[in-house]
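Notes follow the structure.
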Amino acid sequence: MKDSLRQSMALFHTWSGLLLGWLLFAMFATGTAAYFQDEITRWMQPEVTGSADPETSAQGAVRYLNQVAPDAVSWYITLPNGRSATTQVYWQPGDGTRGKRGETSAVLDQTGRAITVRETSGGFFLYRFHFDLHYMPVLWARYLVGIAAMFMLTAILSGIVTHKKIFADFFMLRFGKGQRSWLDAHNVTAVIALPFHLMITFTGLVTLASMYMPWGIAANYASPAVFQEQVFGREPAAERSGRAQPLVDLAPLMRAASAGWGGKQVGYISVTNPGDATARVLLTRSPGAAIAARGETAAFAGATGKALGGHTASGAALATESVMIGLHTGRFAQWGLRWLYFLSGIGGTIMVGSGLVLWTVKRRARLPDPARPHFGFRLVERLNIAAIPGLATGLAVYFLANRLLPGDLAQRADREIDSLFLAWLAVGLWGMVRPAGRAWTETLALAGACFAAVPVVNALTTSRGFAASIMNGDWLFVAFDVVMIALAASFLHAASKVAQHRAKKAAAPPRRTARKAVSQ
Amino acid sequence: MGRSTVGRANVAARLLAAIPANYLLTSLAAAALARLLWRGLGVDPANASVAAMLASFVMFSVLALVAFGVRSTLKLWLWMIGSGAVLSAGLWLSLASGGRL
């Protein structure tokens, strides 16, 4: 009975893992990168240097918005934090139109001037791709991502049941043993960071829970809007009175709010009916200041600066949800913890990737004729090439495009993103037309070469190359180059391993290889 | 041939139980739990709803595994239909006796 349970769980693990493994690989890879989204954005805007003060930035943003969108319905201001140096503003136009994103948003420096050089979506794009994907409606993407996450959760749980010697295997990583090594790599990356994988998958589902499982809310509320109002204290905006009245200075309001939260800083500002007597300012606590993602808020009258009270969602379940979302996004994490998040994420990416490869390695041995595999096997093998070296090449090309595309190109940020997908597509097609073994070597080497090119191109096109960054103590740029070199080395190493393996296989007579693989 | 047809039907029945039927049953359970916590145990409605939502993800994933782990497909379906009926009745009674916000 116990063994048959393990068998059925093993089967379940194999197929649930395979079915959405490719999407999960992309989600893990971009989600991991997104732990450094602010740093990636800074790297992709090399012209922006130094740090910004939140209060000065808020005042600068108000100056900008007063000129650009004085009669907007509302303004949203994301303030710079310790990691970013720019302010992001977004506004809802007063004439009721929903302008295109580029027309109703801007990135500002702390004096409130729009940054127009080298337009980029930066690390923010990687963060959004992690759950919104691209080139498809956001709603579909989020359902797809949710299904993938649920498969991941069940794959993890069934993987635990399947695993006989979970603690013994913790210390077991045998290199150069074919299938056994792939299984070890899958197990080690899965088991070392098992608590992380479980946490990140579950909390990931929780971040979009009310989309996936709205029935708990629907059972108690006739409309989700009532729930929203009760939990987040979002009030419908008042009608404009028509009496113009300038907005008060935001800096004292920020100080007052911060004092009320025990010194935690303000992260977001929204202003409804700016410039009107009915203006209302809502300050939200910075997500970096505490684990819980749903920060405290404080409201003020925009014309007088009078405090209108604040709102903190309370209760055990809401607090649990808020902390879970905070754990997933990791915005609270300082440097040490942030790197741990990043490394655990890399571990998760390798876990998914090695699981995908393991599927083919295991089956290759059992193929009736290894030289001519059946369609399903070939499909999985090709999709693995597209998913793993393909995405890696795409990410490297995204960074390269940021440095190489002309600075004044129209819709430059979108062109950067297109470069990523074009490179990804090209590698995918390459994997389709070449023999699989050779395609692995070539595409892994290509991914490695592209990552290696990033520091070189950066040094040639900006004044913030590796040597200069070390001299200036610019550790963010140094670390970026180091990570690129580490990725390049890993992919080139993988390419040479595959090449060696192929050479060995070619030297041995094919029949013996097949039998050897079976006995392993 | 006969054996493999039975095997395939069995896998299909389990897949059906593990994904669509599981989602239906979990949704019912989440809705019923949200009602029970609020109306029955006096938790405020927002927290009752969110608690049920959080619990539902645990329930769904465990039930998906159970659908492939248990021996008898027939028993699995009988259990799921039975608990679905009980949950629906409870939910209907609760909604009929006191409305939503």
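Protein chains in written order, with the working numbering: chain A, 10 to 529; chain B, 3 to 103.
No residue lacks a Cβ here, since even glycine has one placed at the ideal position from N, Cα and C.
>> Could you check whether A308/A and L291/A sit closer than 8 Å to each other, using their CB atoms as the reference points?
In response: yes
>> Taking the alpha-carbon of S2/A as reference, which of P204/A, T41/A, G304/A and G284/A has the nearest alpha-carbon?
In response: Limits of chain A in this structure are 10 at one end and 529 at the other, which puts residue 2/A out of reach.
> Which stretch, first to last residue, makes up the alpha helix (DSSP H) that contains Y85/A?
Replying inline: Segment S83 to T87 is the beta strand (DSSP E) holding Y85/A; no alpha helix (DSSP H) there.
> chain A partners of A53/B, CB-CB under 7 Å?
Replying inline: A326
> Can at least three beta-carbon pairs, one atom from the region 409-416 of chain A and one from the region 360-377 of chain A, be found at a separation below 8 Å?
Replying inline: no
> Under a CB-based cut-off of 8 Å, is R10/B close to chain A?
Replying inline: no
> Does DSSP put Q237/A in a helix, in a strand, or in coil?
Replying inline: helix
> G276/A by DSSP, collapsed to three states: which one?
Replying inline: strand
> Between the region 69-86 of chain B and chain A, which residues of the former have CB atoms less than 7 Å from a CB of the latter, in chain order?
Replying inline: F70 and G71
> Counting contacts by CB-CB distance shorter than 8 Å, is P22/B in contact with chain A?
Replying inline: no
>> If I follow the unbroken beta strand (DSSP E) through T329/A, where does it start and stop?
In response: That residue, T329/A, is in no beta strand (DSSP E); its alpha helix (DSSP H) goes A325 to T338.
>> Just to confirm, is the Cβ distance from I355/A to F134/A under 8 Å?
In response: no
> I think Y73/A touches A38/A, with their Cβ atoms under 8 Å apart; what is that distance to the nearest whole Å?
Replying inline: The pair is not a contact, with the Cβ atoms about 35 Å apart (cut-off 8 Å).
> Which whole-angstrom value describes the C-beta separation of Y539/A and T120/A, a residue pair presumed to lie in contact below a C-beta threshold of 8 Å?
Replying inline: Because residue 539/A is not part of the residues shown, which for chain A are 10 to 529, the question remains open.
> Does the distance from the CB of A69/B to the CB of A33/B come in under 8 Å?
Replying inline: no
> In terms of DSSP beta bridges, what is W100/A paired with?
Replying inline: W84/A
>> If distances are taken between C-alpha atoms only, which option among R294/A, M53/A and H206/A comes closest to G131/A?
In response: M53/A
>> Alpha carbons only, please: which of F34/A, A228/A, R15/A and G91/A is nearest the one belonging to W344/A?
In response: G91/A
> Where does S528/A sit, in a helix, a strand or coil, going by DSSP?
Replying inline: Note that S528/A has pLDDT 37, beneath the 50 cutoff, so the model's placement of it is unreliable and no number is given.
> Is the CB of W40/B under 8 Å away from at least one CB in chain A?
Replying inline: yes
>> For the alpha helix (DSSP H) containing S29/B, name the first residue and the last one.
In response: N24 to R37
> Taking the continuous alpha helix (DSSP H) assigned at A67/A, which residues delimit it?
Replying inline: P63 to V77
> Grouping DSSP H, G and I as helix and E and B as strand, with all else coil, what is T470/A?
Replying inline: helix
> Enumerated in chain order, which unbroken segments of the alpha helix (DSSP H) with a length of 4 residues or greater are wholly contained in the region 416-447 of chain A?
Replying inline: 421-442
>> DSSP has G319/A in a bridge; who is on the other side?
In response: A307/A
> If you draw a straight line from the C-alpha of G103/A to the C-alpha of S250/A, how long is it?
Replying inline: 14 Å
>> Strictly below 8 Å CB to CB, what residues from chain A border S99/B?
In response: The premise fails here: S99/B is roughly 13 Å from chain A at the closest Cβ pair, so nothing lies under 8 Å.
>> Quick check on Y144/A - is its C-beta less than 8 Å from some C-beta in chain B?
In response: no
> Just curious, the beta strand (DSSP E) that A115/A is in, first and last residue?
Replying inline: S114 to L117
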